[in-house]
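Keeping their order, the protein sequence lines are chains A and B. Heads up, my numbering is the position in the first sequence plus 39, with the first residue counted as 1. Heads up, my numbering is the position in the second sequence plus 8, with the first residue counted as 1. We put the beta carbon where it would ideally sit given N, CA and C, even for glycine.
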Amino acid sequence: MSEPEGRTPSGQQASRKRLNWAGLVDAAVLGTGRAQVPAAAGTCAALATAGLEDTDDQTRLLHQAAALSRARRAGFRPPARSDRSAPAPAADDGRPPVSLNAERRLAGLLAAGQYELAAEWLGHLDGRRPPDVLLPDLLTAAASRPRLRARLLPALGPLAGWLAGFNDEWAWARAAGPLPAGPALIWETGGGEDRRALLGMLRAADPAAGRNLVASTWETDSYRDRAAFVAMLTTGLSLDDEPLAERALADRRAEVRRAGAELLAALPGSRYSRRAAARAAAAVRVERAGLRTRIAVTIMEVVTAEMLADGIEGPRSGGMRERGELLRQLVAAAPAGMWAGHTGLDPAGLLALAHRTDWPNALRDGWTVAAIRDRDPEWVIGLLGHASAGGADPGGQPPGTPRRAAGRPTDHDLRLLAALPLAARQEWLAANPDSPLFWAALDQLPAPWSVRLSDQVRASLASLAAVARGHALGARAAVRLAASRLEPPIAPQLSTAEVADGLATAWDDMLAALTIRAAIRRELAEEPSP
Amino acid sequence: MAPDAAAAKAGLGHASPGRWSGCGHDASAVWGECQGSGKLPYRTQVAFADGATNCSCPSRKFPCKHALGLLLRHADGAVPAGSPPEWVIGWLAARATRIDRVTRDGPVDHRVRRAASRDAKVDGGVDEMRRWLADLARVGAGAAQSQPWAWWDQQARRMIDAQARGLASQVRRMAAIAATAGQRADWPERLTDQIGSAHLLCEAWRHKDALPEQTREAMRVRLGYSVATEEVSTSGERVSDTWAVLGHRLGEDQGLRSLQQWLYGEGTGQVVTFLAFAAGTQQLAPGLPPGRRTAATVALYPGTRPARALIVDREARSEPLGPLPAEPDWDSALNLAQECLSADPWAEVIPLAVRGVTVLPVEPWLLRDTAGRAMPVTAAPPVRWALLALSGGRPVDVAGEWDGFAFTPQAAAPAGQPARLLPGAQP
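Right, dumping it as structure tokens:
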């Protein structure tokens with residue numbers, strides 16, 4: 040029964056096909072209307088006709104299909120395949136695994152699409168490796184989710200890089216684990232994603248090696264690649280990068296020049312930033328006359344070749360607007376840290392004085408660019424305080440007119456706040472719970488939040504939830520936010536009965552999410568079973 | 009007489025004296041009112057003549073927990089003798105007339121007549137199926153493959169009308185193969201395989217009296233005859249073991265939800281399947297905890313192989329999986345499959361478990377055993393990747409389903425280590 044192949048007995052008509060599975064399948068596909076039914080022979084003849092009357096062609100074909108299909112299944116043995124070679128195994132991951140409960144939790148989160156909680160789960164790994172079997176799901180989910188990816192990357196070990204070698208969608212993870220053996224080879228032959236991943240990793244670990252790679256293919260890379268690579272040099276940036284950045288500044292493509300200028304401006308002590316500082320210092324001075332202090336602005340009439348080379352775009356006319364734009368560029372290109380030494384005033388003082396010049400907006404906008412680029416905490420906090428004090432109203436409006444609709448944070452302010460280091464940002468928010476930026480900025484503030492900020496959020500939420508009628512929609516978003524980021528995951532001191540009706544569902548969801556988050560911590564702290 | 013373990017437990021809970029009032033019994037019945045969750049107490053009564061129960065509670069279990077509780081109290085002698093109230097007399101009288109009628113017509117005759125009429129319908133269905141298959145053989149599977157879904161569906165519906173649901177499923181499987189012919193090069197083989205299986209089912213029905221009993225039972229189930237749960241729980245073969253749930257699949261088809269599990273017996277080496285269905289808001293029976301091992305006693309349904317199992321009793325506690333109970337290579341695993349097929353030639357998918365296979369992750373993916381034989385893999389990408397990740401390029405133990413052509417992994421473990429369900433095969 041285990042031999043489905045029929046033997047052709049001698050004397051069998053040569054025109055008749057031998058009865059075997061492949062021949063039968065061919066006949067079945069064509070149909071008895073067009074194909075001859077193979078003759079039953081040998082053991083198969085016995086099989087295909089045992090106890091069954093042999094009638095018309097169709098029935099004979101069906102009999103044979105019945106017998107041979109079962110015989111094929113019973114006799115099926117997969118073929119030997121020594122021709123296919125197996126991939127070399129992944130390197131050992133020395134890190135211990137997590138507990139089975141923790142693994143089950145992550146599997147459930149991924150299956151339910153709760154990627155924010157999955158990211159949080161990864162954040163509590165604490166030196167253990169994510170479950171091997173869930174790695175593909177993690178890589179797939181992180182491919183299109185930057186926040187999850189940011190959490191996943193530091194948790195990846197050699198297995199991730201090994202797996203990514205089989206799936207191009209995970210190319211970004213190929214650099215995970217130990218440094219790849221031949222970075223130069225990847226750099227010269229890899230795709231854009233591979234090269235960027237490699238450069239990002241190298242710049243974090245060995246900035247010089249990354250810089251050398253960029254320089255090695257500078258002449259042959261496309262301008263898009265050149266601009267992208269230069270922008271990536273902000274990681275691990277030092278004065279050693281100045282020559283390459285100046286090469287970018289002299290590039291024939293504007294995109295590369297702009298990337299070079301931005302990189303150089305962010306590099307304190309670079310020749311570029313010293314030139315920019317000198318130009319800004321000449322344009323903006325503080326004059327003291329007795330008790331009065333004022334800002335004197337001198338905008339040069341002629342844009343020099345040096346300025347053009349440094350990416351400053353000259354005014355096309357002498358109008359106020361164009362001159363203001365030039366002033367903005369001059370201030371923006373200069374390091375934010377120069378002003379204290381140059382003027383002896385702090386950001387708040389300068390902003391107040393700027394308000395009384397002809398160019399309050401140009402100055403403020405220039406300082407904002409510099410503050411964000413240099414991540415200068417004093418300037419950021421000064422500019423934020425200035426904004427919330429309502430002091431920075433655009434020229435032409437009487438003082439006291441609200442600069443924008445009250446309570447609506449602008450992208451501008453959010454970007455400023457985002458330039459603060461995480462700890463300083465949390466400090467600022469905890470101290471300014473009434474700022475219109477409060478909830479919007481919390482949205483952009485990744486977990487984990489500080490305990491102090493979480494306490495403040497719980498207090499704000501409790502008062503918000505009890506009265507949230509008019510703006511229930513915003514309040515719901517706030518509750519969802521608290522659900523995912525309060526640290527430790529403890530609910531605000533407010534019984535569900537006190538919560539406004541429109542919020543009740545969101546509130547219950549929050550309590551459930553906080554419970555899950557507490558469970559994530561507990562389960563990841565468990566010892567894995569041997 | 010409890011329908012299941014849960015009901016028996018609930019019945020015990022309802023035997024406590026605090027819940028009951030107005031209890032009594034006479035020669036013909038026992039009755040009482042039980043305080044449930046509603047405002048009015050439930051009126052519960054049991055006739056001694058045939059053990060019939062009646063209760064005003066909404067439970068769909070028969071007997072319900074109230075009736076069980078009442079009987080337990082009665083057995084303990086906690087129910088005093090008395091004369092039945094109006095509602096008991098009414099029920100007993102209505103039953104008496106009904107029983108009269110049934111006895112006059114003869115309940116046994118009735119059942120036999122119904123079975124005979126079903127057989128006649130199936131006879132018709134099988135004849136029609138044979139003609140349809142003969143047509144298919146004449147025009148060729150190649151021409152049929154390009155038929156629209158409706159063409160297959162029409163035939164499937166005819167088989168349902170003929171009360172041959174199993175033949176309808178056969179046709180639907182053919183339709184599914186035809187519909188995906190563009191994606192799998194082996195569709196001619198798969199379609200011919202199904203045609204053969206369907207034809208064998210028809211022929212088996214026509215020659216049913218000549219079949220060995222086991223195969224005849226398998227044929228009946230494959231055709232769509234169902235076996236009553238009570239029959240299985242009273243007379244089915246019982247197997248007590250620690251069962252590892254290494255396959256767990258939830259499905260939904262036209263509002264009918266289903267659960268299918270593979271249970272691997274660690275002591276007996278038996279592999280059985282658990283099946284449950286539910287429609288609408290009905291609860292799906294949970295089976296055993298997926299990806300864990302649980303001690304349980306099951307009763308086997310007759311006929312099909314691997315046998316379908318009814319969970320008769322289980323321990324509440326379950327444990328994480330241990331190493332897979334697996335065969336050393338594909339040959340020995342397929343020898344076991346061969347035994348299934350000789351008892352039930354219509355077995356569509358057969359569970360296999362093999363130790364120490366290497367994943368070859370290039371299309372078509374293969375699993376190569378230590379003897380060098382390589383089984384093709386058919387599985388959704390997430391399942392395949394999960395298996396590859398678990399292996400890390402080293403040998404793995406796998407358990408899964410073989411459909412006669414290729415293998416779908418469902419659970420795996422790094423060689424010799426504790427197993428887990430693969431994601432995607434998980435609830």
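- For L332 (chain B), the three-state secondary structure derived from DSSP is coil.
- Not one beta carbon of chain A lies nearer than 8 Å to the beta carbon of A226 (chain B).
- Considered as a whole, the stretch 151-209 of chain B harbours 157-169 and 173-187 as its complete alpha helix (DSSP H) runs of no fewer than 4 residues, in chain order.
- L254 (chain B) counts as buried, since at least 16 other C-beta atoms from the protein chains shown sit within 10 angstroms of its C-beta.
- Sixteen is the threshold: since fewer than 16 other Cβ atoms of the shown chains lie within 10 Å of the Cβ of M359 (chain A), the residue is exposed.
- In this structure, the beta-carbon distance from A141 (chain A) to L148 (chain A) does not fall below 8 Å.
- Distance from the Cα of R109 (chain A) is smallest, within the candidate group B:S36, B:P369, B:W251 and B:E356, for B:E356.
- Residues of chain B whose Cβ lies closer than 8 Å to the Cβ of V323 (chain A) do not exist; the shortest such Cβ separation is about 59 Å.
- DSSP, read as helix, strand or coil, puts Y309 (chain B) in coil.
- Between the alpha carbons of G26 (chain B) and S91 (chain B) lies a distance of about 22 Å.
- Minimum Cα-Cα distance from G98 (chain B) among the listed residues B:L342, B:W157, B:S36 and B:V385 corresponds to B:S36.
- Bounds of the alpha helix (DSSP H) holding I555 (chain A) are A543 to A564.
- Looking only at A:E340, A:L241 and A:G114, the smallest Cα-Cα distance to S356 (chain A) is reached by A:E340.
- In the DSSP secondary-structure assignment, P384 (chain B) is bridged to B:L374.
- Residues of chain A whose Cβ lies closer than 8 Å to the Cβ of V96 (chain B) do not exist; the shortest such Cβ separation is about 47 Å.
- Relative to L145 (chain A), the option among A:A516, A:I420 and A:L187 whose CA is nearest is A:L187.
- Chain-ordered, the chain B residues with CB closer than 7 Å to the CB of S108 (chain A) read T200, D201, G204 and S205.
- The C-beta of L173 (chain A) comes closer than 8 Å to at least one C-beta of chain B.
- Taking C-beta separations shorter than 6 Å and ignoring five residues to either side along the sequence, the partners of A463 (chain A) in its chain run P416, following chain order.
- For L148 (chain A), no Cβ of chain B is located within less than 8 Å of the residue's own Cβ.
- DSSP places E326 (chain A) in the uninterrupted beta strand (DSSP E) bounded by V323 to A328.
- Nearest in C-alpha terms to R250 (chain A), of all of A:V269, A:G388, A:Y262 and A:T396, is A:V269.
- According to DSSP, residue pairing for W270 (chain B) in a beta bridge involves B:G255 and B:T281.
- Residues of the stretch 314-346 of chain B whose Cβ lies closer than 9 Å to any Cβ of chain A, in chain order: P328, W338, D339, L342, A345 and Q346.
- The stretch 336-403 of chain A is shown to contain no whole beta strand (DSSP E) run of 3 or more residues.
- Neighbours of V506 (chain A) across chain B, judged by C-beta separation under 9 Å, do not exist; the nearest C-beta is about 38 Å away.
- Sequence-ordered contacts of the stretch 179-211 of chain A with chain B read T179, L198, W201, L202, F205 and N206 [C-beta pairs closer than 8 Å].
- Here DSSP, grouped into helix, strand and coil, assigns R214 (chain B) to helix.
- Shown in chain order are the members of the stretch 356-378 of chain B whose Cβ falls below 9 Å from a Cβ of chain A: I358, T366, V367, L368, P369, V370, L374, L375, R376 and D377.
- Interface annotation, L69 (chain A): in contact with chain B, CB-CB separation under 8 Å.
- Along the stretch 138-154 of chain B, going in chain order, the ones with a CB nearer than 9 Å to a CB of chain A are R138, L141, A142, D143, L144, A145, R146, V147, G148, A149, G150, A151, A152 and Q153.
- Here DSSP, grouped into helix, strand and coil, assigns P389 (chain B) to helix.
- In this structure, B:L430 is the residue among B:L430, B:W410, B:D411 and B:G77 with its C-alpha nearest to the C-alpha of Q418 (chain B).
- For W418 (chain A), the three-state secondary structure derived from DSSP is helix.
- For Q97 (chain A), the chain B residues whose Cβ falls inside 9 Å of its Cβ are L141, A142, D143, L144, A145 and R146, in order along the chain.
- In this structure, DSSP gives R134 (chain A) a state outside helix and strand, which the three-state scheme calls coil.
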